[in-house]
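Under our numbering, the residues of the sequence shown are numbered 1 to 195, in order.
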Amino acid sequence: MRKCLAVLLALPIAAALSVPTHADEKGKVPAVLNFKMKGLDGKEVDLSQFQGKVVLFVNVASKCGCTPQYKALQALYEKHNKDGLVIVGVPVNDFGKQEPGSDEDIAKFCDSKYGVKFPMLSKVSTVKGGDAAPLYKFLTSKDTNPKFAGDIKWNFTKFLVGRDGEVVARFESRVEPDSAEVVKAIETELKKGAK
C-alpha cells in the first residue's frame, strides 16, 4: 500500500488526475484543443496535434438535408489544408436520428459518397445538454465559450477556431461551408500567423 502511494505521489498531479498536459515550445495547448477523442478507425485522436492550425469543428450526420455540405467541406479542406486548415467532423445521432450507423458505416459513406479526407471522429453520444461530449460542453458553455455558446440546434453547426486556439466564429446548420461568410472567416484566420 505504501509503495503504491509513493508511486502515485511521485506522479505529476495532472498525470494522476488524467488531465492532458500537452504543450509545445510556444506554451500550453489551448483549452479547445485539450481533448482526446477516438477516430472512426477507433484510434485515439489527440486534438492538441492541431495546435497552431485553423480548425473547423462540424457535427455531422449521413441522412440529413444538410449532408451534401460534406462536398463543400471536402473542397475547403483540399483548397486550404496546405495553408493550415483542418476540418474535424464529429458524427452524432442527436437530431432526427440522422446518423444511425456505426463508425464503419459512417467511414464507408463519407468515403464512397463524398471522398472525405479530413479527420472524422468516432460518433459521439450527444453534442447537447449535460451529457454532451466534453469538446461540445466546451464549445457550447457560456463559461468556456461566452461569445459563441448556446445549444446546438441541428446537424452541421460549425465552430471556427483560430491559430491561437480562440473560438472566433460559429455558423449554424443552414450556412453553407462555401458561403462567402465562412470562406472569409477561414481565410482571415489562415493569414494570421501564417509561416
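Positions of the beta carbon are idealized from the N, C-alpha and C atoms, including for glycine.
Which whole-angstrom value is the C-beta distance of P134 and V86, which I expect to be below 8 Å?
About 19 Å separates the two Cβ atoms, so there is no contact after all.
Could you check whether the stretch 170-181 touches the stretch 143-161, counting it as contact only if at least three pairs of C-beta atoms, one from each stretch, sit closer than 8 Å?
Yes, the stretch 170-181 is in contact with the stretch 143-161.
Inter-residue spacing [alpha-carbon to alpha-carbon] between Q74 and G130
Their backbone Cα atoms lie some 31 Å apart in a straight line.
Quick check on P100: does DSSP put it in helix, strand or coil?
The three-state reading of DSSP puts P100 in coil, since its state is none of H, G, I, E or B.
So, at 6 Å on beta carbons, what are the nonlocal neighbours of G89 in its own chain, with the 5 sequence-adjacent residues on each side left out?
The residues V58, V60 and M120, in chain order, have a CB closer than 6 Å to that of G89 in the same chain once the five nearest residues on each side in sequence are set aside.
F109 and G101 closer than 8 Å at C-beta
Taking 8 Å as the Cβ cut-off, F109 and G101 qualify as a contacting pair.
Span of the beta strand (DSSP E), counted from its first residue to its last, around E44
Residues E44 to D46.
Going by alpha carbons, who is nearest to S122 out of V29, M37 and Y70?
Considering only alpha carbons, the answer is M37.
Can you give me the C-alpha to C-alpha distance between G147 and S141, rounded to a whole angstrom?
Strictly speaking, residue 147 in this sequence is Lys, with Gly absent from that position. The alpha-carbon atoms of K147 and S141 are separated by roughly 10 Å.
Is it a yes or a no for the stretch 38-57 touching the stretch 65-85, going by three-plus beta-carbon pairs under 8 Å?
Two segments are said to touch when three or more pairs of C-beta atoms, one from each, lie closer than 8 Å; by this definition the stretch 38-57 touches the stretch 65-85.
Between K184 and Y114, how many whole angstroms is the CB-CB distance? I'm expecting something under 8 Å.
Not really, about 24 Å apart at Cβ, beyond 8 Å.
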